[in-house]
Structure formats: C-alpha cells, structure tokens
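Peer 1:
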Amino acid sequence: MTSERDDASGGPTTDGTSPRPDGAGDEEAQVIVVGAGPAGSAAAAHLARAGVDVLLLEKSGFPREKVCGDGLTPRGVRQLVRMGIDINAPGWMRNKGMRWVCEGRAVELDWPRLGSHPDFGLTRSRYDFDELLATHARAAGARLRTQVKVTAPLCDRAGNLTGVSAARGPGREPVRYRAPLVVAADGASARTALALGLERDTALPVATAARRYYRSEARTHDPYLELWADLRCPGTGLDLPGYGWVFPLGDGRINIGLGALPRRGRRTVDLRAALEHWLPRLPAHWGVGEETAESPLRSAPLPMGLNRRPQYRRGLLLVGDSAGMVSPWSGEGVAQAMEAGEVAAETIALALARPAGARREHALHQYPAEIRRRWGRYYRLGTLAGDLVLARYGYRPLLHPRVMASPPLLRALARLLTHAADEPARDGIDAVVHALLRAVPAPRR
Ligand SMILES: Cc1cc2nc3c(=O)[nH]c(=O)nc-3n(C[C@H](O)[C@H](O)[C@H](O)COP(=O)(O)OP(=O)(O)OC[C@H]3O[C@@H](n4cnc5c(N)ncnc54)[C@H](O)[C@@H]3O)c2cc1C
Numbered sequence: 143m144t145s146e147r148d149d150a151s152g153g154p155t156t157d158g159t160s161p162r163p164d165g166a167g168d169e170e171a172q173v174i175v176v177g178a179g180p181a182g183s184a185a186a187a188h189l190a191r192a193g194v195d196v197l198l199l200e201k202s203g204f205p206r207e208k209v210c211g212d213g214l215t216p217r218g219v220r221q222l223v224r225m226g227i228d229i230n231a232p233g234w235m236r237n238k239g240m241r242w243v244c245e246g247r248a249v250e251l252d253w254p255r256l257g258s259h260p261d262f263g264l265t266r267s268r269y270d271f272d273e274l275l276a277t278h279a280r281a282a283g284a285r286l287r288t289q290v291k292v293t294a295p296l297c298d299r300a301g302n303l304t305g306v307s308a309a310r311g312p313g314r315e316p317v318r319y320r321a322p323l324v325v326a327a328d329g330a331s332a333r334t335a336l337a338l339g340l341e342r343d344t345a346l347p348v349a350t351a352a353r354r355y356y357r358s359e360a361r362t363h364d365p366y367l368e369l370w371a372d373l374r375c376p377g378t379g380l381d382l383p384g385y386g387w388v389f390p391l392g393d394g395r396i397n398i399g400l401g402a403l404p405r406r407g408r409r410t411v412d413l414r415a416a417l418e419h420w421l422p423r424l425p426a427h428w429g430v431g432e433e434t435a436e437s438p439l440r441s442a443p444l445p446m447g448l449n450r451r452p453q454y455r456r457g458l459l460l461v462g463d464s465a466g467m468v469s470p471w472s473g474e475g476v477a478q479a480m481e482a483g484e485v486a487a488e489t490i491a492l493a494l495a496r497p498a499g500a501r502r503e504h505a506l507h508q509y510p511a512e513i514r515r516r517w518g519r520y521y522r523l524g525t526l527a528g529d530l531v532l533a534r535y536g537y538r539p540l541l542h543p544r545v546m547a548s549p550p551l552l553r554a555l556a557r558l559l560t561h562a563a564d565e566p567a568r569d570g571i572d573a574v575v576h577a578l579l580r581a582v583p584a585p586r587r
C-alpha cells in the first residue's frame, strides 16, 4: 500500500453531507477508522459517544475468525465496562486469576483486589467478540462499513491525510472516504501506517503465537486461565522463550496455544513442534487430542513494546497492533488495543473542538505523549526483561520455587504481568510495582 494524491480535495469537508443509507459510494466524515478489531471498534464507539461523526471501515464481514488466545485480564474487562459493553449477558466466561504450572507444581494467582480494576477476567472467542464490539460502535452512532478494504491513504499536496481509498464489496468497487483524521487500527500488518512511511523499530521484538480449539468438558469451566512455564523446543534442547496457555471458553471448548519471543541469532521457534511436544503432558482426562480438535492450528505475529512511532503524524493516529502495543510482559494486546482506542478518541474529540490548524495539531500530538505516560516505562522494563530473561530462558525463572512459595512475591508478579496496580498505591505491593517502574528512565519519544 502506498499513499495516493487526493487532487479532488480542496480540504475535506465536514459539513455533515448526508451519506447514502446503504453506505454505497464515496462518503465523508470527521474521522475514519480503518479496521474493526478491538482497537478500531473501541475508538469508533468512544468517538461516536463524544458526538463525532465517524466511519468505521472493515475489510471482512462479521462474524469472522481472529487468531487469539481469547483471554482478557481485569485490564481488558475494565475497558469493556468503560465502553458500556454488557459483560453480564450470556456468552462471557469469567475467571478468577491465573494458574501457573512449572516443573510439576501449580500455583493459583487470583486477580488483585484493586480499586481501579475489576477483580475478574473474561474469555470469549474472537469469532463473536469482535462482532459484538463493532455492533456496539454502530449502536453508539458510528457508520460501520464491512467488506471495505482500505487500499491507500489519500494525501493533499502538503502530505497531510484527507481520507482513504478503498475497494468495496465482492466486486471490489473503488470508493473514496474523506476525513481530516484517520485512525489506523488495521492490526499487525500496519499497512496504513507503512504507506505513510511509519516503519517499525526493529530493535523491539515481534513475538509469534499459535492457537487451536479443542473440545474438553473437563476444562471448559475452569475458573482459572492456565499457563505453562516449562515448555521445550523439541530438537534444540532449549526452553520455549515464552509460555503455553489453556483458556476455558465455557461453551465446551478450550483455547490452547503458545507464544514465543524471537531469540537473537537463532532460528524462529517451531510452535507446531513445541505444541506437539507439550500436549502429551496434559492430563489424559482433559481429552485433548486430534479427535477433539475443533480447528486447525493457526499462528500470527505479536508486535510489542510500542514498536511503531510516532503514533501521530499528519492526520494519522495509530492504535493497537498497528502501533505494536502488545505487552512485552505477557503478550496481551486486546486490553491495550481498546485502551489506546479510547485515548485516541478522547484526544480527537478535544482536538476537533479547536479550529483546524496549529492549535488542533498541538492537541493531536498529545496522543503519543499520553500513550508514553501510561505505558512507556512499563514497556521499557518489559522489553528489558524480555531481552535478559524471557527470550533466553522463558518464564521458568519467574516461577522459581522461592517465588511460587511466597504469596507477596506472587501477588507482585501478577500485578507486574498484567500491569494492574492502584495509583496512588493502596498497599505495599502497589508501592513496590510503582517504585520499580519509576526506576526505569521514561522514553523520550
Ligand atoms: C495466537 C495469539 C494469541 C493471542 N492471545 C491473546 C489473548 O489471549 N489476550 C489478549 O489480550 N491478546 C492476545 N493476542 C493479541 C491480540 O490478538 C491483538 O493484540 C489484538 O487483536 C489487537 O487488536 P487490533 O484491533 O489492534 O488488531 P486486530 O484484532 O488485528 O484487528 C484489525 C482489524 O483491521 C481489519 N483490517 C486490516 N486491514 C484492513 C484494511 N486494509 N481495510 C479495512 N480493514 C482492515 C482486520 O480485518 C481486523 O478486523 C493474541 C495474539 C495471537 C496471534
């Protein structure tokens, strides 16, 4: 994808031109969001709730698969609540915390009881999770257009965004959508950002993860998200530089998968081989095997550590995987995608309250600054932990027998892995987590 010159634009209009009700043909809006994953739907829903006219463009139709572990920590639940999603409706499976398994021992870490976060997590297959969020954004007032594949950003002579061109429907009819601001929420491919020259920082890792669904009545209602820290890479004698998971979906299925960080100077980890090596270790009564498999094994990249910067340039804001927002501590990215969507929406709504020009630009540059304030130090520390420990030895060192035997250390570990602590600190563990993060220099950009 490369950007296209928008010769027709004398500057986009935002005068509320009525769109055709069927969404056919060219359209205008105040903001265009590319991609209706968690980042895009959250951004669109928050924008619409703030009274902004927003077009949400998605290349697929719903429901559709998205390769994921389907697990949400309390941070993700908090974002769902902030969006106004009904998490008491059928289809959600609650969990109490994480169960880490390492060298024959298992330890349960309940989610922390914090003032700022719920004390439970959720699972739900992305097959209908993403549809639910996109439908919610539409109900809030966003104009959702599915089967619309964005093919290029449109720019004026000065190089500022004026909208996007796209191919619509099965016939790939060419269409143009115009808006002065575009939110890139198109996931790990980050094609919209790349078209504007926003390359990823290759010093920051991109992990890989794979998942498969199995039918297991024995585990589908497990109240914990189970994680295995002592998996091996067959044929190498090395530990997996990541972890394996077994997440209950509550509908008769479990989501089993594993993720691995890249190891400097070594070949990519063979996740299929690592999974085949691991599965025979699961208890036989779980019934996990080829005969209970419900899907093929599928993998996808996990862009981490804020690996694409700046997250605002020339009318384009990057949210979620397109900005490499997956946590380098845990591989969690859905909560971060929704949170970034909310921050982007708030920044845009405030910016649009100013006249176009330098003052509005100044307000938009607040978005990367706010992302840095929230995650800069945490991601830096996580990247360092990844380089020094996790990519070399996996998660086994974090679950040393002394840690597993110490409830305060386990509580600190849970808060660190899931980035959940009250601020200001309400107990000693919060204080330790904050002190640790303060010791890390804040990134400057
Ligand atoms: C195997 C695996 C397991 C994972 N497990 C977890 C987990 O358990 N918990 C967790 O929090 N995170 C997990 N993640 C990470 C999580 O899936 C991502 O971080 C998250 O989906 C990012 O959301 P997003 O909205 O930024 O991108 P996406 O979810 O990728 O959404 C991008 C959307 O943009 C659309 N799109 C792309 N290009 C275009 C285009 N040109 N035009 C229009 N639309 C377009 C796509 O169709 C898609 O709908 C996992 C990832 C993997 C690979």
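Per the numbering used here, residue 143 is the first one in the sequence shown, and the count goes up by one each step.
We put the CB at the ideal spot given by N, CA and C, even for glycine.
None of the values given here were measured: they were computed from a predicted structure.
1) DSSP has Pro445 in a bridge; who is on the other side?
2) Rounded C-beta distance between Glu146 and Ser307? I'm assuming under 8 Å.
3) Between Thr489 and Asp328, what straight-line distance do the alpha-carbon atoms span, to the nearest angstrom?
4) Cutting at 6 Å between CB atoms, please list the residues of its own chain near Gly386, excluding the five before and the five after it.
5) Within 10 angstroms of the Cβ of Glu245, are there 16 or more other Cβ atoms? Answer buried if so, exposed if not.
6) Given a cut-off of 8 Å, decide if Ala181 and Ala511 are closer than it, judged by their beta-carbon atoms.
7) Who pairs with Thr265 in a beta bridge, going by DSSP?
8) Could you spell out where the beta strand (DSSP E) holding Trp517 opens and where it closes?
9) Can you list the beta strand (DSSP E) stretches of 3 or more residues lying completely in the region 175-231, in chain order?
10) Give me the Cα-Cα distance between Ile396 and Tyr356, rounded to the nearest whole angstrom.
11) Use the C-beta contact count for Glu484: other C-beta atoms within 10 angstroms, 16 or more gives buried, fewer gives exposed.
12) If we call anything under 8 Å between Cβ atoms a contact, is Glu368 one with Val348?
13) Assuming Leu459 and Tyr521 are in contact, meaning their beta carbons sit under 8 Å apart, how far apart are those beta carbons, in whole angstroms?
14) Using CA coordinates, which residue listed in Val249, Glu250, Thr144, Ala527 is at the minimum distance from Arg293?
15) Applying the criterion that 16 or more other CB atoms from any shown protein chain within 10 Å of the CB defines a buried residue, is Thr410 buried or exposed?
16) Ligand 3 and Ala181: does the residue's C-beta get closer than 7 Å to at least one heavy atom of that ligand?
17) Which runs of the alpha helix (DSSP H) spanning at least 4 residues fall entirely within the region 313-358, listed in chain order?
18) Output the distance between the C-alpha atoms of Gly179 and Ala527, rounded to the nearest integer angstrom.
19) Buried or exposed: where does Asn237 fall if 16 or more other Cβ atoms within 10 Å of its Cβ makes it buried?
20) Does ligand 1 have a heavy atom nearer than 7 Å to the CB of Ser441?
21) Quick one: is the Cβ of Glu474 within less than 7 Å of any heavy atom of ligand 1?
22) Considering Thr560, what are the terminal residues of the alpha helix (DSSP H) in which it resides?
23) Is Gly570 helix, strand or coil when you go by DSSP?
24) Counting beta carbon pairs with one atom in the region 183-194 and one in the region 282-300, are three or more of them shorter than 8 Å?
25) Starting from Leu303, trace the beta strand (DSSP E) both ways and give me its first and last residue.
26) First and last residue of the beta strand (DSSP E) that includes Gly384?
27) I need the boundaries of the beta strand (DSSP E) containing Leu494, first residue and last residue.
28) Flag this pair as touching only if the region 559-577 and the region 208-228 have three or more C-beta atom pairs under 8 Å; answer yes or no.
29) May I have the straight-line CA-CA distance separating Leu439 from Ala352, to the nearest angstrom?
30) Kindly indicate which residue of Val325, Arg287, Pro316, Ala345 has the alpha-carbon position closest to the one of Thr304.
31) Quick one: what does DSSP say Tyr537 is sitting in, helix, strand or coil?
32) How should Ser267 be labelled, buried or exposed, when 16 other C-beta atoms within 10 angstroms of its C-beta is the threshold for buried?
33) If we call anything under 8 Å between Cβ atoms a contact, is Leu391 one with Thr362?
34) Excluding the five sequence neighbours on either side, which residues of its own chain have a C-beta within less than 7 Å of the C-beta of Pro205, listed in chain order?
35) Go ahead and label His259 buried or exposed: buried means 16 or more other beta carbons lie within 10 angstroms of its beta carbon, across all protein chains shown.
36) Indicate the three-state DSSP secondary structure (helix, strand or coil) for Thr159 in the structure shown.
Peer 2: Checking against the coordinates, here is how it stands:
1) Here residue 445 is taken as the residue at index 303 of the sequence shown, counted from 1. Among the bridge pairs identified by DSSP, Pro445 is matched with Val348.
2) Within the sequence shown, residue 146 is the residue found at index 4, counting from 1. Within the sequence shown, residue 307 is the residue found at index 165, counting from 1. At roughly 6 Å, the Cβ-Cβ gap stays under 8 Å, so Glu146 and Ser307 are in contact.
3) Taking the sequence shown and counting its residues from 1, the one referred to as residue 489 is at position 347. Taking the sequence shown and counting its residues from 1, the one referred to as residue 328 is at position 186. One C-alpha to the other measures close to 19 Å.
4) Along the sequence shown, read from residue 1 onward, the residue named residue 386 stands at position 244. Only residues of its own chain outside the window of five on either side were considered, and among them Trp370, Leu373, Leu400, Trp420 have a CB closer than 6 Å to the CB of Gly386, listed in chain order.
5) Counted from its first residue, the sequence shown places residue 245 at position 103. The residue is exposed, with fewer than 16 neighbouring Cβ atoms inside 10 Å.
6) Within the sequence shown, numbered from 1, the residue matching residue 511 stands at position 369. Within the sequence shown, numbered from 1, the residue matching residue 181 stands at position 39. No; because the gap between Cβ atoms is not below 8 Å, this pair is not in contact.
7) If you number the sequence shown from 1, residue 265 lands on position 123. The partner list for Thr265 (beta bridge, DSSP) reads Gly213, Met235.
8) Reading the sequence shown from its first residue, position 375 is the one you call residue 517. Run containing Trp517: none in the beta strand (DSSP E); it sits in the alpha helix (DSSP H), 508-527.
9) 196-199
10) Counting from one through the sequence shown, the residue named residue 396 turns up at place 254. Counting from one through the sequence shown, the residue named residue 356 turns up at place 214. Their Cα atoms are separated by approximately 5 Å.
11) Translated into the one-based positions of the sequence shown, residue 484 becomes position 342. That one is buried.
12) For the purposes of this step, residue 368 is taken as residue 226 along the sequence shown, with counting starting at 1. For the purposes of this step, residue 348 is taken as residue 206 along the sequence shown, with counting starting at 1. Their beta carbons are not under 8 Å apart, which means Glu368 does not touch Val348 by this criterion.
13) Taking the first residue of the sequence shown as position 1, residue 459 is located at position 317. Taking the first residue of the sequence shown as position 1, residue 521 is located at position 379. So it is not a contact: roughly 18 Å between Cβ atoms.
14) Locating residue 293 in the sequence shown gives position 151, where the first residue counts as 1. Per the sequence shown, the amino acid found at residue 293 is Thr instead of Arg. Of the listed residues, the one whose Cα sits closest to Thr293 is Thr144.
15) Along the sequence shown, one-based indexing puts residue 410 at 268. It is exposed - the Cβ of Thr410 has fewer than 16 other Cβ atoms within 10 Å.
16) This structure lacks ligand 3; the ligands present are ligand 1.
17) 333-337
18) As a working note, residue 179 is residue 37 in the sequence shown. As a working note, residue 527 is residue 385 in the sequence shown. Those two C-alpha atoms are separated by around 29 Å.
19) Position 95 of the sequence shown, counting from 1, holds the residue named residue 237. With 16 or more other Cβ atoms within 10 Å, it is buried.
20) By 1-based counting over the sequence shown, the position of residue 441 is 299. Taking the Cβ of Ser441 as the reference point, at least one heavy atom of ligand 1 falls within a distance shorter than 7 Å.
21) Position 332 of the sequence shown, counted from the first residue, corresponds to residue 474. Yes, Cβ of Glu474 sits closer than 7 Å to a heavy atom of ligand 1.
22) By one-based count along the sequence shown, residue 560 stands at place 418. From DSSP, the alpha helix (DSSP H) with Thr560 extends over 549-560.
23) Looking up residue 570 in the sequence shown gives position 428. In this structure, Gly570 counts as helix in the three-state DSSP scheme.
24) yes
25) Numbered from its first residue, the sequence shown carries residue 303 at position 161. Its beta strand (DSSP E) spans residues 303-310.
26) For the purposes of this step, residue 384 is identified with residue 242 of the sequence shown, where counting begins at 1. Segment 384-390, the beta strand (DSSP E) holding Gly384.
27) Taking the sequence shown and counting its residues from 1, one reaches residue 494 at position 352. For Leu494, there is no enclosing beta strand (DSSP E); the residue is found in the alpha helix (DSSP H) stretching over 476-494.
28) yes
29) As a working note, residue 439 is residue 297 in the sequence shown. As a working note, residue 352 is residue 210 in the sequence shown. Taking the straight line from one Cα to the other gives about 6 Å.
30) Along the sequence shown, read from residue 1 onward, the residue named residue 304 stands at position 162. Comparing Cα-Cα distances from Thr304 to each of Val325, Arg287, Pro316, Ala345, the minimum goes to Val325.
31) By 1-based counting over the sequence shown, the position of residue 537 is 395. Of the three classes helix, strand and coil, the one that applies to Tyr537 here is coil, per DSSP.
32) What you label residue 267 is simply residue 125 of the sequence shown in a count that begins at 1. By the neighbour-count rule (16 or more Cβ atoms within 10 Å), Ser267 is buried.
33) Here residue 391 corresponds to residue number 249 of the sequence shown, with the count starting at 1. Here residue 362 corresponds to residue number 220 of the sequence shown, with the count starting at 1. Closer than 8 Å, so yes.
34) Indexing the sequence shown from 1 puts residue 205 at position 63. Result list for Pro205: Tyr269, Asp270, Glu273, in chain order.
35) Mapped onto the sequence shown, residue 259 falls at position 117. Buried, since its Cβ has 16 or more Cβ neighbours within 10 Å.
36) Position 17 of the sequence shown, counting from 1, holds the residue named residue 159. Confidence is the limiting factor: at Thr159 the pLDDT is only 45, short of 50, which leaves the residue's position unreliable, though a coordinate-based value still follows. Thr159 carries a coil assignment under DSSP once its states are collapsed to helix, strand and coil.
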